[in-house]
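*Asks:* Numbered per mature numbering (1 follows the signal peptide of the UniProt record, and there is no 0), the sequence shown spans residues -20 to -1, 1 to 130.
Backbone N, C-alpha and C define an ideal beta-carbon position, used for all residues, glycine too.
The model shown is predicted, which means the values in this text are computed figures rather than measured ones.
Got a structure here, written out as structure tokens. Questions coming.
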Amino acid sequence: MNLYLRGLVLALVVVLAGCASPTTTNMIGTSRTPLQPEQVTVYTQEPACFEPIALVTATSDMSFTFTDQAQMDVVLERLREAAGRVGANGVLLQRTGEERDESVHVGTGVGRQSGSVGFGVNIGKSFGLMEKTAEAVAIWVSADAACEEF
């Protein structure tokens, strides 16, 4: 493998290793058969009967959306996906918010190499974009008639 290709592969590995996942899932109950995100309902209030399955978080990071509503839509879809993976048919929204993303970097650099001696100067500025966040509980909502609210 030539030196250029090795450098490219190494750079790709470093970039991928630095990417944070836009969702996290922590099991607190028993998982069920996975469901499609369309089968997962978002609740803002507790339903009558439910079983907690997992704590899930999501961000709009890496979504390439810029309006507040588009970012929140991405977050809710990611919550549905995470809940569906553990077999939850609902997500009970606990908290939403914003956080600063530190993933945008602007900089310049100068380098000089002579023989086996190298010298470099780099000047840069980091700034973050705002991203939406949410925390929820992935839940199984019972269809039992005794649990329905009237």
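Have a look at F46 and I33 and give me their C-alpha separation to the nearest angstrom.
*Replies:* The residue you call residue 46 lines up with position 66 of the sequence shown. The residue you call residue 33 lines up with position 53 of the sequence shown. Near 32 Å, if we compare the C-alpha coordinates of I33 and F46.
*Asks:* DSSP has N6 in a bridge; who is on the other side?
*Replies:* Counting from one through the sequence shown, the residue named residue 6 turns up at place 26. According to DSSP, which records beta bridges pairwise, N6 is partnered with L35.
*Asks:* Please check the pair A118 and A62, which I expect to be a contact at CB under 8 Å, by giving their CB distance rounded to whole angstroms.
*Replies:* Against the sequence shown, residue 118 aligns to sequence position 138. Against the sequence shown, residue 62 aligns to sequence position 82. Correct: roughly 7 Å between the Cβ atoms.
*Asks:* Determine, using beta carbons only, whether S11 and G70 come nearer to each other than 7 Å.
*Replies:* Residue numbering aside, residue 11 sits at position 31 when the sequence shown is read from its first letter. Residue numbering aside, residue 70 sits at position 90 when the sequence shown is read from its first letter. Not a contact, by the Cβ cut-off of 7 Å.
*Asks:* What is the C-beta distance between V36 and T3, in whole angstroms, given that I count them as a contact (C-beta under 8 Å)?
*Replies:* For this step, residue 36 is matched to residue 56 along the sequence shown. For this step, residue 3 is matched to residue 23 along the sequence shown. The Cβ separation is near 7 Å, so the contact holds.
*Asks:* Go through its chain and collect everything with a Cβ distance to residue 217's Cβ below 6 Å, but skip five positions before and after it.
*Replies:* There is no way to answer for residue 217, as the model of the chain reaches only from -20 to 130.
*Asks:* Report all residues from its chain with a CB closer than 6 Å to the CB of T76; omit the five preceding and five following residues, and keep chain order.
*Replies:* Stepping through the sequence shown from its first residue, residue 76 is reached at position 96. So the qualifying residues of the chain are A114.
*Asks:* If I measure Cβ to Cβ from V(-8) and keep anything under 6 Å in the same chain, skipping five residues before and after, which residues do I get?
*Replies:* Your numbering for residue -8 matches position 13 in the sequence shown. With a pLDDT of only 40 at V(-8), under the threshold of 50, the placement of this residue in the model should not be trusted; the figure read from the coordinates follows. Around V(-8): no qualifying Cβ.
*Asks:* Looking only at its chain, what residues have a beta carbon closer than 7 Å to the beta carbon of L15, apart from the 5 residues adjacent to it on each side?
*Replies:* Start at 1 with the first residue of the sequence shown, and residue 15 comes out as number 35. Here the set comprises G64, G67, N69.
*Asks:* Count the other C-beta atoms from every protein chain shown that fall within 10 angstroms of the C-beta of L56, then say buried if there are 16 or more, exposed otherwise.
*Replies:* As a first step, residue 56 must be located in the sequence shown, where it is residue number 76. Counting Cβ neighbours within 10 Å, L56 comes out buried, since at least 16 surround it.
*Asks:* Look up L15 in the DSSP assignment and say whether it is helix, strand or coil.
*Replies:* Along the sequence shown, one-based indexing puts residue 15 at 35. In the structure shown, L15 sits in coil (DSSP, three-state: anything other than H, G, I, E or B).
*Asks:* Looking at the structure shown, is M110 part of a helix, part of a strand, or coil, going by DSSP?
*Replies:* Your numbering for residue 110 matches position 130 in the sequence shown. Looking at M110 - three-state DSSP - the assignment turns out to be strand.
*Asks:* Nearest-angstrom Cα distance between A123 and P27?
*Replies:* Against the sequence shown, residue 123 aligns to sequence position 143. Against the sequence shown, residue 27 aligns to sequence position 47. Computed Cα separation, rounded: 11 Å.
*Asks:* Within 10 angstroms of its Cβ, does L(-13) collect 16 or more other Cβ (buried), or is it exposed?
*Replies:* Taking the first residue of the sequence shown as 1, we reach residue -13 at position 8. Note that L(-13) has pLDDT 48, beneath the 50 cutoff, so the model's placement of it is unreliable and no number is given.
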